[in-house]
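Okay, so here's the structure we're looking at.
Protein chains in written order, with our numbering: chain A, 6 to 314; chain B, 43 to 282.
Now the structure itself:
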């Protein structure tokens, strides 16, 4: 199969197959796709700009809490709540981006981590709004006007997620191929040279940070009505670390790779935790093997294999 | 202008004026302050004294990307490229930096196409077109030096700063680069050239400024500088 047709074929399978699957698999697939969308948004920073964020859970949590609050406290329908979740996340990310991009490398990683933990603390402590450690439960999938109820069912919600992931993928792909996106690759490869050519690295980094927050915020927004709740864990550094692993295992700088990485990570975690309590150890070893021997990730290796044959 | 690193004056009250269309070489022994002078002009280092004017407007204190946007482009002493991107993409990014459509998200294809045409023009001028698809990091050192010149020219500069363009090149490659530069720099472009290789300097420069320990010790036409006693001493007879 040629690489050109791989994408449409995968999307077609995602649309056609699920009605025939047992319901728990539809749920699994939905969660994998949401995580994949989240990992893809981090790839914009890690793979395309060389910005190693250690606090990407911040945007996931922001998207989830914002959407949960909108759905719990307003009569607005689900699609509007999702859009608000993503938009508010991007808006809050703007000043954070402005501050974090003053630094590079390890300092950048630590600052992003600090902001995510700060938001975690707020979610934990601001009981009256966030529900504290209980989080926000009973998040509804408010139907829209004119009989728009299709996304309230399990399968309907799955299709909602597929539509969002495919749409976000196409937008991200257009973004990384645009003049702005190609300049990001230059900044990733040699920031000093990029600025000598006339690119202002700081402005470009802020732009990509906000775009990544918009897409990652959408992932979080999709999660809250999917799970029916939002909890402080969504901001926690553990999730920031896991999504970084998904990007690296899947293949940084490929967009599609991190989605594959998310599926791989999720399924492996669930499979391993069923057979051993030390599943994290095995997962860690697998991660080390990837970093050492498959640095281009699953998708990178597949693509290289396809171009060789 | 001056630049001090602690008590050391790397560039000490150096004053020079370069005319439009002039090719000016800056020479001097190691540590004379040549590269520091470039970094001051390009905005990589803040000056501790003095001012840089370009076409009458001060550019000192501006960050590198704004200096570049005013029409000053540079190459680096140690080759600076985007190693994972193809040679074509390297030059295309240089051309795109000056393109009005560089922030466009819709209709981005037009920006890409015009910068790509621009890039291929300069790759061809530097005889690199057959290597356009090769990642820059995999090119030979000589081709990398040429690619960096192609990038600087693709920025469509009015002032070009060349930092040792033949550094590390073999004799043949140096000769090839001199021939190319003669051909490329003829069109009224203003050039500041830092170079150790005197053959390059004397075959390209209209005028030569000699730096020694951060100060200008001679300035004038190539022939006059060649016979200057202070220059001979500074180079310990290393010149000719």
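Glycine included, C-beta positions come from ideal geometry on N, C-alpha and C.
Closer than 8 Å to chain A by CB, residue 78 (chain B) | Residue mapping note: residue 78 (chain B) aligns to position 36 of the second chain, counting from 1. Not closer than 8 Å to any Cβ of chain A, the Cβ of residue 78 (chain B) fails to qualify, so no.
Which first and last residues belong to the alpha helix (DSSP H) in which residue 114 (chain A) is found?
-> Taking the first residue of the first chain as position 1, residue 114 (chain A) is located at position 109. Counting along the chain, the alpha helix (DSSP H) containing residue 114 (chain A) begins and ends at 110-130.
What is the DSSP secondary structure of residue 138 (chain A), reduced to helix, strand or coil?
-> Working through the first chain from its first residue, we reach residue 138 (chain A) at position 133. Helix, per DSSP.
Cβ-Cβ separation, residue 104 (chain A) to residue 59 (chain A) (assumed contact under 8 Å), whole Å | Position 54 of the first chain, counted from the first residue, corresponds to residue 59 (chain A). Position 99 of the first chain, counted from the first residue, corresponds to residue 104 (chain A). The Cβ separation is near 15 Å, so there is no contact.
Under 8 Å between beta-carbons, which chain A residues line up against residue 143 (chain B)? List them in chain order, please.
-> As a first step, residue 143 (chain B) must be located in the second chain, where it is residue number 101. Result: 184.
Compare the C-alpha of residue 68 (chain B) against each of B:174, B:61, B:79 and name the closest.
-> Start at 1 with the first residue of the second chain, and residue 68 (chain B) comes out as number 26. Nearest of B:174, B:61, B:79 to residue 68 (chain B), Cα basis: B:79.
Between the stretch 187-220 of chain B and chain C, which residues of the former have CB atoms less than 8 Å from a CB of the latter, in chain order?
-> Absent from the structure is chain C; the protein chains it does hold are A and B.
Start and end residues, beta strand (DSSP E) containing residue 115 (chain B) = Position 73 of the second chain holds residue 115 (chain B). Element bounds for residue 115 (chain B): 114-116.
Got a sec: is the Cβ-Cβ distance from residue 200 (chain A) to anything in chain B below 8 Å?
-> Taking the first residue of the first chain as position 1, residue 200 (chain A) is located at position 195. Answer yes: the Cβ-Cβ gap between residue 200 (chain A) and chain B drops below 8 Å somewhere.
Three-state secondary structure assigned by DSSP to residue 80 (chain B) | As a working mapping, residue 80 (chain B) is identified with position 38 in the second chain. Look at residue 80 (chain B) here: in three-state DSSP terms it is helix.
With contact counted as at least three CB pairs below 8 Å, one residue from each stretch, are the stretch 82-96 of chain A and the stretch 53-68 of chain A in contact?
-> Yes, the stretch 82-96 of chain A is in contact with the stretch 53-68 of chain A.
Of all the CB atoms in chain B, is at least one closer than 8 Å to the CB of residue 53 (chain A)?
-> The sequence position of residue 53 (chain A) within the first chain is 48, counting from 1. Output row for residue 53 (chain A): interface = no.
Just to confirm, are residue 47 (chain A) and residue 260 (chain A) a CB contact at a threshold of 8 Å?
-> As a working mapping, residue 47 (chain A) is identified with position 42 in the first chain. As a working mapping, residue 260 (chain A) is identified with position 255 in the first chain. Judged by beta-carbon spacing, residue 260 (chain A) lies beyond the 8 Å limit of residue 47 (chain A), meaning their Cβ atoms are not closer than that value.
Any 3 or more C-beta pairs closer than 8 Å across the stretch 62-77 of chain B and the stretch 249-258 of chain B | Touching, per the Cβ criterion.
Excluding the five sequence neighbours on either side, which residues of its own chain have a C-beta within less than 6 Å of the C-beta of residue 184 (chain B), listed in chain order?
-> Start at 1 with the first residue of the second chain, and residue 184 (chain B) comes out as number 142. Counting only Cβ-Cβ distances below 6 Å, and skipping sequence neighbours, we find 211, 215.
Under a three-way DSSP split, which group does residue 169 (chain B) fall into?
-> Residue numbering aside, residue 169 (chain B) sits at position 127 when the second chain is read from its first letter. In the three-state reduction of the DSSP assignment, residue 169 (chain B) falls in the coil class, being assigned neither a helical nor a strand state.
Where does the unbroken alpha helix (DSSP H) through residue 260 (chain B) begin, and where does it stop?
-> In the second chain, counting from the first residue as 1, residue 260 (chain B) sits at position 218. Careful: residue 260 (chain B) lies outside any alpha helix (DSSP H), inside the beta strand (DSSP E) at 257-262.
What residues in its chain sit with their C-beta under 8 Å from that of residue 64 (chain B), if we drop five residues either side in the sequence?
-> Translated into the one-based positions of the second chain, residue 64 (chain B) becomes position 22. Counting only Cβ-Cβ distances below 8 Å, and skipping sequence neighbours, we find 232, 233, 248, 249.
Could you have a look at residue 145 (chain A) and say whether DSSP puts it in helix, strand or coil?
-> Residue 145 (chain A) sits at position 140 when you count from the first residue of the first chain. The answer is coil: DSSP assigns residue 145 (chain A) none of H, G, I, E or B.
C-alpha gap between residue 95 (chain B) and residue 202 (chain A), whole angstroms = Stepping through the second chain from its first residue, residue 95 (chain B) is reached at position 53. Stepping through the first chain from its first residue, residue 202 (chain A) is reached at position 197. Distance between residue 95 (chain B) and residue 202 (chain A), taken at the CA atoms: about 19 Å.
Residues within the stretch 163-180 of chain B neighbouring chain A, beta-carbon criterion of under 8 Å = Going along the stretch 163-180 of chain B in chain order, one finds no residue with a Cβ nearer than 8 Å to chain A.
Own chain residues within Cβ distance below 6 Å of residue 145 (chain A), not counting five before or after = Reading the first chain from its first residue, position 140 is the one you call residue 145 (chain A). For residue 145 (chain A), same chain residues with a beta-carbon under 6 Å away, outside a window of 5 residues either side, are 76 in chain order.
Top-ranked residue by Cα proximity to residue 350 (chain B), from B:141, B:134, B:181, B:145 | The question about residue 350 (chain B) has no answer here: the residues shown for chain B are numbered 43 through 282.
For residue 128 (chain B), which residues of its own chain have a beta-carbon under 8 Å away from its beta-carbon, when the five flanking residues on both sides are left out?
-> Here residue 128 (chain B) refers to the residue found at position 86 of the second chain. Here the set comprises 174, 175, 176, 177, 178.
Find out if the Cβ-Cβ distance for the pair residue 3 (chain B), residue 137 (chain B) is shorter than 8 Å.
-> An answer regarding residue 3 (chain B) cannot be provided, because it is not within the stretch 43 to 282 covered by chain B.
How is the alpha helix (DSSP H) around residue 275 (chain A) delimited, first residue to last?
-> Here the question's residue 275 (chain A) lines up with position 270 in the first chain. Counting along the chain, the alpha helix (DSSP H) containing residue 275 (chain A) begins and ends at 261-280.
Using a Cβ-Cβ distance under 8 Å, would residue 106 (chain B) count as near chain A?
-> Position 64 of the second chain holds residue 106 (chain B). Interface residue, yes.
Pick out the complete beta strand (DSSP E) segments inside the stretch 185-252 of chain A, 3 residues or longer, and give them in chain order.
-> As far as the stretch 185-252 of chain A is concerned, it has no whole beta strand (DSSP E) run of at least 3 residues.
Exposed unless 16 or more other CB atoms sit within 10 angstroms - verdict on residue 108 (chain A) = As a position in the first chain, residue 108 (chain A) is number 103, starting the count at 1. Residue 108 (chain A) comes out exposed.
Does the ligand GTP have a heavy atom nearer than 7 Å to the CB of residue 164 (chain A)?
-> This structure simply doesn't include the ligand GTP, nor any ligand for that matter.
Closer than 8 Å at the beta carbon, the chain A residues around residue 138 (chain B) = Along the second chain, read from residue 1 onward, the residue named residue 138 (chain B) stands at position 96. Under the 8 Å cutoff, chain A gives 184, 187, 188.
For the alpha helix (DSSP H) containing residue 48 (chain A), list its first residue and its last residue.
-> Working through the first chain from its first residue, we reach residue 48 (chain A) at position 43. It spans 28-54 - the alpha helix (DSSP H) in which residue 48 (chain A) sits, taken as one unbroken run.
Under 9 Å by beta carbon: chain A residues contacting residue 38 (chain B) | Only positions 43 to 282 of chain B appear in the structure, and residue 38 (chain B) is not among them; the question remains open.
Verify the CB distance criterion: does residue 150 (chain B) have a CB-CB separation below 8 Å to chain A?
-> The sequence position of residue 150 (chain B) within the second chain is 108, counting from 1. Yes, contact with chain A.
How would you write the range of the beta strand (DSSP E) that residue 233 (chain B) sits in, first residue to last?
-> Looking up residue 233 (chain B) in the second chain gives position 191. Unbroken beta strand (DSSP E) run through residue 233 (chain B): 232-236.
Residue from A:23, A:300, A:272 whose Cα sits closest to the Cα of residue 288 (chain A) = Numbered from 1 along the first chain, position 283 holds the residue referred to as residue 288 (chain A). Of the residues A:23, A:300, A:272, the one whose Cα lies closest to the Cα of residue 288 (chain A) is A:272.
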